[in-house]
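Residue numbers (the numbering used here), protein chains in the order written: chain A, 2 to 120; chain B, 2 to 120.
Note that the Cβ used here is the ideal one computed from N, Cα and C, for glycine as well.
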DNA sequence: ATGGCACCTGGAGCGCACTCCAGGTCAACC
DNA sequence: GGTTGACCTGGAGTGCGCTCCAGGTGCCAT
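Structural data, given as structure tokens:
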């Protein structure tokens, strides 16, 4: 059962130490284990969960919804259908984002071509 | 030479009236023409420019950089190479965004599959 | 001429997601 | 035993991009 120091988790997840503390404070992370000196010692599970958080965050999910997802996970196995629903809805938003970006990108390409044509 | 009322521009561009005023105030939009009563009358050109703004904004360009682009446009034809450079750099960021989203999306898909498998 | 509506201004306020700070603890190494 | 460095806490501050508000003007239809 490996544990991680704060510095290791910062390294692994790319979140800042302040962000990790903030996530714990708002309940996005369950209270993290402490050593005798009161310093955080993250579990493998914490780090895995942070990977999920990073994925959701980087795809634009608001914290409020990540909190909802966190609650479902804590509530136990019977919430799996709800979790699927939440992730599928999010997936649709991600797909929409990608489609939108792709469309905008082609506009940018056209603009670049136009600029090249008038040089 | 068609002109547009604020309400029409809101309708066309999807920006709120407050946002349009804000963009004008910070100089993202050049001072808009006014009628005798002091109300804004947007030109075709304004609306076209707002289309560009929407594209850049929706692809995540910060306002500071849009301002820089606006300055280049105002400065005249000789800035076209700079504009191309700016747009190409932005294009690379957009491509990176799309790639990142696509990768994250596959993580979400795996998670959904996993949840389905344990049902 | 009265009411309603679209619009005006300057400036304050907001929501999000952090980020920073002051002051403190503890362990380890020179 | 002194210093360094990683970590702790509660709470204040930040940056971005709007968004809202109060108070006012002018036009138009009833």
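- Proximity of the stretch 39 to 55 of chain A to the stretch 2 to 14 of chain A meets the contact definition, three or more beta-carbon pairs being nearer than 8 Å.
- Beta bridge pairing from DSSP links residue 55(B) with no other residue.
- Residue 59(A) belongs to the set of residues whose beta carbon lies under 7 Å from a beta carbon in chain B.
- Contact check for residue 81(A) against residue 116(B) passes: the beta carbons are separated by less than 7 Å.
- The alpha carbon of residue 52(A) has as its nearest neighbour, out of 66(A), 30(A), 101(A) and 35(A), the alpha carbon of 30(A).
- The shortest C-alpha to C-alpha distance from residue 93(B) to any of 113(A), 15(A), 17(A) and 34(A) is the one to 113(A).
- Taking a cut-off of 8 Å on C-beta distances, the stretch 18 to 32 of chain A does not touch the stretch 72 to 81 of chain B, as fewer than three cross pairs fall below it.
- Rounded to the nearest whole angstrom, the CA to CA distance from residue 120(B) to residue 5(A) is 32 Å.
- Using a CB distance below 9 Å, the part of the stretch 77 to 91 of chain B facing chain A consists of 78, 81, 82, 84, 85, 88, 89 and 91, ordered along the chain.
- Separation of the CB atoms of residue 68(B) and residue 95(A) is rounded to 30 Å, and the pair is thereby denied contact status at 8 Å.
- Here the alpha carbon of residue 105(B) sits roughly 8 Å from the alpha carbon of residue 57(A).
- For the stretch 27 to 56 of chain B, the residues whose beta carbon sits under 8 Å from a beta carbon of chain A are, in order, 53 and 56.
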